[in-house]
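Right, one structure below, let's go through it.
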Ligand SMILES: Nc1nc2c(ncn2[C@@H]2O[C@H](COP(=O)(O)OP(=O)(O)OP(=O)(O)O)[C@@H](O)[C@H]2O)c(=O)[nH]1
Ligand SMILES: [Mg+2]
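In our numbering, the protein residues as written are 29 to 309.
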């Protein structure tokens, strides 16, 4: 049984029957749903006396998450407004770039894309396909070129063209993690050298189905460059949603949007109501 289903089933059995709440079962289920031991214990303590468990959980989630719900907004004075997308491989960076490009285009903004994942040739091909489809300018280079040099060319080009937004794709995997982080740091330095206010947003893309690992991802990427916020992808799947609450609670990381599918239109603002609906059916 998926963790979501399990949580749902505990909730459906427990909701409205406060006296029968088995706090151990509730705590275990929260832990299994990736809320983490600490937050699960805290929530259990606060929820166990609730008359209506789901209503009480909603209040708790609102306490933790409402202040952190944000949006992808740009400052139109900055030309281009530079957004770097980071995250482990497969988290959804490239797809999220397509979603953001599409969203900004609908706001009548011109969007350029920098293909700074030069680790694999296929990464640039995937992004080029999206750029073609969406009609965005793409700055790219041969595989194995220094990503920072692609970033340099892209920001220079986007500045000259007076583009509104520059979306920067990055690699999720290199030969090792240290390389990845060193390379990211260099990319940030190069952007910052060309425009001392750039990047304007550094966004971590987090795959909701990954569970507990999200905690390490936020910690590690946050060491390279302070994170402006996270975008949660694959909330359409069988996400172990608890980890999202945990990173909000632990890191106070703003949630700037969610991905709910593989198409460029599958992007929306995070909603606690929808999240709870997924959680409890
Ligand atoms: N269901 C679903 N699938 C998604 C979502 N976002 C991305 N995907 C899929 O997840 C897979 C990986 O997405 P990418 O955008 O290529 O991920 P990436 O972070 O760029 O991966 P690397 O380039 O390997 O580091 C693809 O098959 C996407 O179609 C989402 O919100 N929901
Ligand atoms: Mg990619």
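Yeah, the Cβ is synthetic: ideal placement off N, Cα and C, and Gly gets one too.
Notebook entry, point to check: Are the beta-carbon atoms of residue 183 and residue 229 separated by less than 9 Å?
Noted result: For the purposes of this step, residue 183 is identified with residue 155 of the chain shown, where counting begins at 1. For the purposes of this step, residue 229 is identified with residue 201 of the chain shown, where counting begins at 1. Going by C-beta atoms, residue 183 is not nearer than 9 Å to residue 229.
Next item on the list: Using 10 angstroms around the beta-carbon of residue 47, count the other beta-carbons present and answer buried if the total reaches 16, otherwise exposed.
Entry: Within the chain shown, numbered from 1, the residue matching residue 47 stands at position 19. Below a pLDDT of 50, predicted positions are generally treated as unreliable, and residue 47, at 48, falls in that range; the measurement from the model is reported next regardless. Label assigned to residue 47: exposed.
Item checked: Euclidean distance between Cα positions of residue 213 and residue 306 -> For the purposes of this step, residue 213 is taken as the residue at position 185 of the chain shown. For the purposes of this step, residue 306 is taken as the residue at position 278 of the chain shown. When the Cα atoms are used, residue 213 and residue 306 turn out to be separated by approximately 37 Å.
Notebook entry, point to check: Does the beta carbon of residue 186 fall short of 8 Å from some heavy atom of ligand 1?
Noted result: Numbered from 1 along the chain shown, position 158 holds the residue referred to as residue 186. Not under cutoff, so the answer is no.
Next item on the list: Assign residue 232 to one of three DSSP states: helix, strand, or coil.
Entry: Taking the first residue of the chain shown as position 1, residue 232 is located at position 204. Residue 232: strand per DSSP, three-state reduction.
Item checked: Check whether residue 282 and residue 250 have beta carbons under 9 Å apart -> For the purposes of this step, residue 282 is identified with residue 254 of the chain shown, where counting begins at 1. For the purposes of this step, residue 250 is identified with residue 222 of the chain shown, where counting begins at 1. No; because the gap between Cβ atoms is not below 9 Å, this pair is not in contact.
Notebook entry, point to check: Counting only runs that start and end within the region 96 to 177, where is the alpha helix (DSSP H) found for 4 or more residues in a row?
Noted result: Runs of the alpha helix (DSSP H) inside the region 96 to 177: 121 to 134 and 149 to 162.
Item checked: C-beta atoms of residue 176 and residue 215 nearer than 9 Å -> The sequence position of residue 176 within the chain shown is 148, counting from 1. The sequence position of residue 215 within the chain shown is 187, counting from 1. Contact: yes.
Note to self: Between which residues of its own chain and residue 51 is the CB-CB distance below 6 Å, once the five residues before and five after are set aside?
What the structure shows: Numbered from its first residue, the chain shown carries residue 51 at position 23. Excluding sequence neighbours, residue 51 sits near 72 and 76.
Item checked: ligand 1 heavy atom lying under 8 Å from the CB of residue 199 -> To locate residue 199, count along the chain shown from 1; it is residue 171. Yes, the Cβ of residue 199 comes within 8 Å of a heavy atom of ligand 1.
Check: Which two residues bound the contiguous alpha helix (DSSP H) that contains residue 263?
Finding: Residue numbering aside, residue 263 sits at position 235 when the chain shown is read from its first letter. Residue 263 -> no alpha helix (DSSP H), and no H or E assigned at all.
Margin query: So, at 7 Å on beta carbons, what are the nonlocal neighbours of residue 296 in its own chain, with the 5 sequence-adjacent residues on each side left out?
Written below: Here residue 296 is taken as the residue at index 268 of the chain shown, counted from 1. Closer than 7 Å at the Cβ level, and outside the excluded window around residue 296, lie 285, 286 and 288.
Checklist line | Delimiting residues of the beta strand (DSSP E) encompassing residue 197 | finding: As a first step, residue 197 is located in the chain shown; it is residue number 169 there, counting from the start. From DSSP, the beta strand (DSSP E) with residue 197 extends over 193 to 198.
Checklist line | residue 151 Cβ short of 8 Å to ligand 2 heavy atom set | finding: On the chain shown, residue 151 is found 123 positions in, with the first residue counted as 1. Residue 151 Cβ: within cutoff of ligand 2.
Next item on the list: Taking 9 Å as the cut-off, decide whether the C-beta atoms of residue 128 and residue 116 are in contact.
Entry: Taking the first residue of the chain shown as 1, we reach residue 128 at position 100. Taking the first residue of the chain shown as 1, we reach residue 116 at position 88. Taking 9 Å as the Cβ cut-off, residue 128 and residue 116 do not qualify as a contacting pair.
Note to self: Below 8 Å, is the gap between the Cβ of residue 145 and the nearest heavy atom of ligand 2?
What the structure shows: Walking along the chain shown from the start, residue 145 turns up at place 117. Answer for residue 145: yes, Cβ within range of ligand 2.
Next item on the list: Leaving out five residues on either side along the sequence, give the residues of the same chain with a beta carbon under 8 Å from the beta carbon of residue 118.
Entry: Working through the chain shown from its first residue, we reach residue 118 at position 90. Same-chain partners within the cutoff: 200 and 235.
Next item on the list: Check each candidate in 86, 189 and 154 and name the one with the smallest Cα separation from residue 109.
Entry: Here residue 109 refers to the residue found at position 81 when the chain shown is read from its first residue. The option with the nearest alpha carbon to residue 109 is 189.
Note to self: Using only the alpha-carbon positions, how far apart do residue 193 and residue 136 sit?
What the structure shows: Position 165 of the chain shown holds residue 193. Position 108 of the chain shown holds residue 136. Going by the C-alpha atoms only, they are around 11 Å apart.
Notebook entry, point to check: Is it the case that the CB of residue 324 approaches a heavy atom of ligand 1 more closely than 8 Å?
Noted result: Beyond the ends of the chain as shown, which are 29 and 309, falls residue 324; an answer cannot be given.
Notebook entry, point to check: For the candidate residues 88, 170 and 156, whose alpha-carbon lies nearest to that of residue 164?
Noted result: Counting from one through the chain shown, the residue named residue 164 turns up at place 136. Of the candidates 88, 170 and 156, the one whose C-alpha sits nearest the C-alpha of residue 164 is 156.
Next item on the list: Would you give the residue range spanned by the beta strand (DSSP E) that residue 313 belongs to?
Entry: One cannot answer for residue 313 here, as it falls past the ends of the chain, which runs 29 to 309.
Margin query: Starting from residue 310, trace the alpha helix (DSSP H) in both directions and tell me its first and last residue.
Written below: Outside the displayed range of the chain (29 to 309) lies residue 310, so it cannot be described from this structure.
Notebook entry, point to check: By Cβ distance, which residues of its chain are closer than 8 Å to residue 293, with the 5 residues on each side in sequence left out?
Noted result: Position 265 of the chain shown holds residue 293. A distance below 8 Å between beta-carbons, with the five flanking residues on each side excluded, links residue 293 to the following residues of its chain, in chain order: 127 and 130.
Next item on the list: Let me know the secondary structure DSSP gives residue 284 once reduced to three states.
Entry: Taking the first residue of the chain shown as 1, we reach residue 284 at position 256. Three-state result, residue 284: strand.
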